[in-house]
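Everything below concerns the one structure shown next.
Residue numbers (mature numbering (1 follows the signal peptide of the UniProt record, and there is no 0)): -18 to -1, 1 to 183.
As structure tokens, then:
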């Protein structure tokens, strides 16, 4: 919530530029959370093959202590992981780095898989030069749903144009999630590999 309020304050001070086309942020009809979901066909790939590829992708993508694989269920064909990627939100012409946290779920069946990315959160990075906010406040996680989906006088101009800072949040978030899904697709549609050369040594 702190970052959302900060965004509102900065948007009021920032100049307004016309947005050519506002990015459509997908939401789940049941939870109303921002949720990216796609089903990809992988002809000829068995459930076991796709599960192995997804598990290898998850192991490579979430190796650290704060980005972890939370569930691996071979029988159900499901993998769930929690991680983050870095994005840069532009405020008053200055790029401010922060973490975009997400939950990713991969479900596999014979010949296809589904990826779901949801539970998005923003987390700022600590800056000792910022004295108006404590370290805890600067690095607190904030749900991204409101920032990405609200449509009111604070997020949009009277002409209905999205204000620059909110456009930055939506563009950076959307690009990051699409890049994540592209990585999943590349891993699961490629030929199976253990990541270790099996050539004759």
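Note that beta-carbon positions come from the ideal geometry of N, C-alpha and C, so glycine has one too.
| Item | Value |
| --- | --- |
| Secondary structure of residue -13, DSSP reduced to three states | The pLDDT assigned to residue -13 is 49, lower than 50, so where the model puts this residue is not dependable; a value taken from the coordinates is nonetheless given after this. Note: residue -13 maps to helix in three-state DSSP. |
| Assigned exposure category for residue 252 - 16 Cβ within 10 Å defines buried | Residue coverage of the chain in this structure runs from -18 to 183, which leaves residue 252 outside it and unanswerable. |
| Delimiting residues of the alpha helix (DSSP H) encompassing residue 125 | Segment 123 to 125 is the beta strand (DSSP E) holding residue 125; no alpha helix (DSSP H) there. |
| 3-residue-minimum beta strand (DSSP E) runs that sit fully inside the segment 47 to 97, ordered along the chain | 50 to 55, 60 to 73 and 76 to 91 |
| Inter-residue Cα distance where the pair is residue 185 and residue 163 | Limits of the chain in this structure are -18 at one end and 183 at the other, which puts residue 185 out of reach. |
| Chain-order list of residues whose beta-carbon lies under 7 Å from that of residue 80 (same chain, five-residue window excluded) | 69, 71, 104, 105, 106 and 107 |
| Rounded separation between residue 64 and residue 165 - CA only | 15 Å |
| For residue 12, the nearest candidate out of 100, 61 and 126 (CA to CA) | 100 |
| Rounded straight-line distance, which links the Cα of residue 67 to that of residue 144 | 24 Å |
| Rounded C-alpha distance that separates residue 127 from residue 26 | 37 Å |
| N-terminal and C-terminal residue of the beta strand (DSSP E) that residue 23 is part of | 18 to 23 |
| C-alpha gap between residue 73 and residue 7, whole angstroms | 21 Å |
| Assigned secondary structure, residue 106 (DSSP; H/G/I helix, E/B strand, else coil) | strand |
| For residue 13, the three-state DSSP class (helix, strand or coil) | coil |
| Euclidean distance between Cα positions of residue 59 and residue 118 | 38 Å |
| Range covered by the alpha helix (DSSP H) that runs through residue 146 | 146 to 171 |
| Member of 30, 138 and 161 whose CA lies at the smallest distance from the CA of residue 54 | 30 |
| Anticipated Cβ contact below 8 Å, residue 90 with residue 36, distance rounded | 6 Å |
| Three-state class that DSSP yields for residue 100 in the structure shown | strand |
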